[in-house]
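Undergrad: To start, I am sharing the structure in question, which I have written as structure tokens.
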Amino acid sequence: MTIDGRQTTEYAHHVAYRWAYGALPEGRVVHHICGLRLCSNPEHLQAVDEVANILEMKERLSLQREIAALKAAIASLEAALNEANDRKGVAGDAPLA
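The numbering of the sequence shown is the numbering used here, which starts it at 522 and goes up by one.
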């Protein structure tokens, strides 16, 4: 794309949004509903204000950290359970998760 005589690069999701919905409204940014920053599926894109976009991203990151912590806790509990079963001579079953 050329703007003011200079060659510039445009993100694929911006092109996809414009193709599907028209120009991005003033003061809005393209938000990925799916959370995948490289996605350019117009059905996964919406125009939101920058604050809403940032808040949603922070909430998603917080949930991802919480999920990671829960997975680590489950792995620790499984290891402790397997260790206890080994001491008792009990055959280990399939993991909990």
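We treat Cβ as the ideally placed atom computed from N, Cα and C, and that holds for glycine.
Among all the DSSP beta bridges, which residues are the ones paired with alanine 568?
TA: Answer is Val551, bridged to alanine 568.
Undergrad: List the whole-angstrom C-beta distance separating alanine 537 from proline 563, where the pair is believed to meet the contact cut-off of C-beta under 8 Å.
TA: Indeed, because the Cβ distance is near 5 Å, the residues count as touching under 8 Å.
Undergrad: Let me know the secondary structure DSSP gives arginine 586 once reduced to three states.
TA: Arginine 586: helix per DSSP, three-state reduction.
Undergrad: Using the rule of at least 16 other Cβ atoms within 10 Å of the residue's Cβ for burial, across every protein chain shown, is valine 551 buried or exposed?
TA: Classification for valine 551: buried.
Undergrad: For the alpha helix (DSSP H) that contains arginine 539, what are its first and last residues?
TA: Its alpha helix (DSSP H) spans residues 533-542.
Undergrad: Quick one: is leucine 566 buried, meaning 16 or more other Cβ sit within 10 Å of its Cβ, or exposed?
TA: It is buried - the Cβ of leucine 566 has at least 16 other Cβ atoms within 10 Å.
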